[in-house]
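One gets our numbering by counting positions in the sequence shown from 1 and adding 9 to each.
A virtual CB, placed ideally from N, CA and C, is assigned to each residue, including glycine.
All figures in this text were calculated on a predicted structure; none of them were measured in a lab.
As C-alpha cells, the structure follows; a few thoughts come after it.
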Amino acid sequence: MHFLTTSEKIKKLRNQLFLKQEDLKDEKVTRGLISMIETDKRDLSPKAASKIADKFNEKAEKLNIVININEDYLLRSPKEDAEIYCLKKLKNAKVNRNIIDRVFKISKQFELIEVRAIGYFKLGEIFENEKDFLEACLSYNKSIEIYKDINKNKKLGYIHWKIGECKVKIMKYDSAIEHYHTSQYYCLACGDTKTMKLCLYSLANSYKKLNKIDTALTIIEEYLGGCDENDDKQLYIEVNCIKATCYEAIDDYDTAADIYNVLLEKISDDKDVLVGYFYNNLGLDYFYKNNLKQSMFYFEMSEKFRFDIDKTNLAATLIEKSNVFIKQKKYIEAIKSIELGLTYAKNYNDMKYLLRGNYLLANIYNKSHNYKNLERIYLEIVLLIKENGDNNLNSIYNKLAILCLEQGKFKECKEYLLLAEVLYKNVC
Numbered sequence: 010m011h012f013l014t015t016s017e018k019i020k021k022l023r024n025q026l027f028l029k030q031e032d033l034k035d036e037k038v039t040r041g042l043i044s045m046i047e048t049d050k051r052d053l054s055p056k057a058a059s060k061i062a063d064k065f066n067e068k069a070e071k072l073n074i075v076i077n078i079n080e081d082y083l084l085r086s087p088k089e090d091a092e093i094y095c096l097k098k099l100k101n102a103k104v105n106r107n108i109i110d111r112v113f114k115i116s117k118q119f120e121l122i123e124v125r126a127i128g129y130f131k132l133g134e135i136f137e138n139e140k141d142f143l144e145a146c147l148s149y150n151k152s153i154e155i156y157k158d159i160n161k162n163k164k165l166g167y168i169h170w171k172i173g174e175c176k177v178k179i180m181k182y183d184s185a186i187e188h189y190h191t192s193q194y195y196c197l198a199c200g201d202t203k204t205m206k207l208c209l210y211s212l213a214n215s216y217k218k219l220n221k222i223d224t225a226l227t228i229i230e231e232y233l234g235g236c237d238e239n240d241d242k243q244l245y246i247e248v249n250c251i252k253a254t255c256y257e258a259i260d261d262y263d264t265a266a267d268i269y270n271v272l273l274e275k276i277s278d279d280k281d282v283l284v285g286y287f288y289n290n291l292g293l294d295y296f297y298k299n300n301l302k303q304s305m306f307y308f309e310m311s312e313k314f315r316f317d318i319d320k321t322n323l324a325a326t327l328i329e330k331s332n333v334f335i336k337q338k339k340y341i342e343a344i345k346s347i348e349l350g351l352t353y354a355k356n357y358n359d360m361k362y363l364l365r366g367n368y369l370l371a372n373i374y375n376k377s378h379n380y381k382n383l384e385r386i387y388l389e390i391v392l393l394i395k396e397n398g399d400n401n402l403n404s405i406y407n408k409l410a411i412l413c414l415e416q417g418k419f420k421e422c423k424e425y426l427l428l429a430e431v432l433y434k435n436v437c
C-alpha cells in the first residue's frame, strides 16, 4: 500500500480540486515555493501547511466536497500515515487475520515495531475467541517479546494475564499461576490496578483448581477485603463464585448454595451468563446433598437458560445433569444427556467437558458391562489426551489392558501394557 509524501499529497489534492499552483499562493507562500515543495526541493513549514490547507478546504466547500484537510495531514510523513492507518485497522472491532497480515506487511515496510506488537496481541485475541488457546499463547508471547525489546512494559501485565487465562482453558493451572504472578509484577510496576484485581480473581480460581483451597480462600478474602462491591460489581460477583466453589471443594455445600442464592439476587441483568452458572452449580450442590429432586430442578433451569442465552456453556449443564440419572441408574437418560453435551462441547472446543463427558460414559458402560462401547470410549479419551495433554494417559492404557484381558484379547492387552510401560519410562 502506497502512502503519500507531503509533495504527493499537495499535488494530488490540487489536481482533485482543479487548482493551479498559482491558486495556492499567499503573501507568505509564493508560487515558486509551491513548485519547490511539490518537487521535494523545499520542506513544508507548519505555517505554510496551515495556509495551504485553508486553500484546499475553501475550494472543497465551493465544490460541495468534504475533505477536512489540516496542516497535520500535510506535514505527516508516509511512515506516520502508515502507523495511523495500521492502528485504525487494528482498533476496528471487525479486525481479522487478513487485515492483520496486511498490517504486518506495512509495519515491516516502515519498521513500525510497536504496531507489530499490537498486531500479535490482536491475533492472540482472535485465536482465543476461536478457542485455539495454544496459538493464542504463541501470539501473545510474540507481542510480549516486542514490547520488551522496545522497553514498553505498560501492557505486559495485561498480556501475561491473558496468557494465564488461556492456560486455564487448557487446564495448565501451574503455568497459568506463573503468568498471573508475572502479571502482578508488571501491574505493580506500572500502576495497573485494574489488571491486578483480575489477577487476584484468576489466582484464586487456579489455586482452587489445584485443590489448594486454603491459598485460594486467602486470596479471595484479600480481594474482598479491599474492594468496593459497587466499584466493580461484576468482578465482585465472580470472586464470590470462586469462594462458593472453594466451599464445594471442602464439601460445605450449604455455604456454597447460600452464596449462589445471594449472588442471584445481586444480578440485575436476567441474561447475564452467570445466571446459568449459578443454577448449574446449585444443581451440583443439591446433588451432593443427595436431594435429587431439587438438583434436577436447578439443572433444568440452567439447561433452559443456557440453551436460550449461553450455548457455549451448555455442555457443562447437560453432562453434569447426567449424574442425577446415573445416581438413579437411569443409564439411557444419562447417556442421552452426556452425548448431547459432548456435541456442544465439540462445537465450542470445551476440553474440560469433552473429557468429563467421556469419563462419565466410561463409568456407565463399565457398570453395565458394555465392553465394546467401553473400549470405544477409552480410545476416544486417549485421542483427547494426546491432542490436549493430560496426566492420565498411562491409567487409560492400563484400563484398556485390563479390559482386553477380561475378554481374552491377549494380543491387544500386551500392546496396551507396552504403551503404558513406554509412558512410565518416559516419566521416570
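| Query | Result |
| --- | --- |
| Quick check: is any heavy atom of the ligand GTP less than 7 Å from the C-beta of D223? | The model on display carries no ligand, and the ligand GTP is accordingly not part of it. |
| In whole angstroms, what separates the C-alpha of F314 from that of G285? | 6 Å |
| Where do the N-terminal and C-terminal ends of the alpha helix (DSSP H) with A57 fall, by residue? | 55-71 |
| Are at least three pairs of beta-carbons, each pair with one atom in the region 192-202 and one in the region 218-232, less than 8 Å apart? | no |
| Name the two residues that bound the continuous alpha helix (DSSP H) containing D47. | One detail in the question is off: residue 47 reads as Glu in this sequence, not Asp. Run containing E47: 40-47, per the alpha helix (DSSP H) assignment. |
| Short of 7 Å in beta carbon distance, which residues of its chain neighbour I318, apart from the five on each side in sequence? Order them along the chain. | K280, V282, G285 |
| Taking contact to mean 3 or more Cβ pairs, one atom from each stretch, closer than 8 Å, check whether the region 112-122 and the region 48-57 are in contact. | no |
| Using only CA atoms, which one of V333, K338, E309, K117 lies nearest to Y374? | K338 |
| Is Y425 closer than 8 Å to A410 when the C-beta atoms are compared? | yes |
| Can you check which of these residues, K178, N160, A57, is closest to A145 by C-alpha distance? | K178 |
| Kindly indicate which three-state DSSP category I127 falls into: helix, strand or coil? | helix |
| Would you mind sorting T202 into buried or exposed? The rule is 16 or more other CB atoms within 10 Å of its CB. | exposed |
| What is the DSSP secondary structure of V104, counted as helix, strand or coil? | coil |
| State the Cα-Cα distance for the pair T14 and L165, rounded to the nearest angstrom. | 35 Å |
| Tell me the rounded alpha-carbon separation between K330 and M305. | 7 Å |
| Looking only at its own chain, which residues have a Cβ that is under 7 Å from the Cβ of Y262, when we skip the five neighbours before and after it? | D294, Y297, K298 |
| Quick check on this structure: which residue in K64, S404, I390, E384 has the alpha carbon closest to the alpha carbon of K418? | E384 |
| Please identify the residue among L226, L432, I127 whose C-alpha is closest to the C-alpha of N249. | L226 |
| Are the beta-carbon atoms of I43 and Q25 separated by less than 8 Å? | no |
| Classify D240 as buried or exposed, calling it buried when 16 or more other Cβ atoms lie within 10 Å of its own Cβ. | exposed |
| What is the rounded straight-line gap between the Cα of E274 and the Cα of L212? | 26 Å |
| What separation, rounded to the nearest whole angstrom, lies between the Cα atoms of K163 and C175? | 20 Å |
| Looking at L364: is its Cβ nearer than 8 Å to the Cβ of S346? | no |
| Going by Cα to Cα distance, which pick from I186, V38, P87, N372 is closest to K221? | I186 |
| Could you pull out every residue in the same chain whose Cβ sits closer than 8 Å to the Cβ of L414, ignoring the five residues on either side in sequence? | C422 |
| Can you name, in chain order, every residue of its own chain whose Cβ lies under 8 Å from the Cβ of N367, other than the five neighbours on each side? | L351, I386, E389, I390, L393 |
| Got a sec? Which residues, its chain only, sit under 7 Å from L349 by beta carbon, not counting five neighbours each side? | L327 |
| Write down the C-beta distance between L219 and Y182 rounded to the nearest angstrom, noting that I regard them as a contact closer than 8 Å. | 5 Å |
| Taking 6 Å as the limit between beta carbons, can you name the residues of its chain near K34, skipping five residues before and five after? | R40 |
| Is the Cβ-Cβ distance between T264 and K217 less than 8 Å? | no |
| If I'm right that L99 touches I127 with Cβ under 8 Å, what's the distance once you round it to whole angstroms? | 5 Å |
| Taking P55 as the reference, give the member of E80, L28, V104 with the closest Cα. | E80 |
| In the DSSP assignment, find the alpha helix (DSSP H) that holds F334 and state where it starts and stops. | 323-336 |
| In angstroms, rounded to a whole number, what distance separates the CA positions of K302 and S311? | 14 Å |
| In whole angstroms, what separates the C-alpha of F130 from that of V38? | 46 Å |
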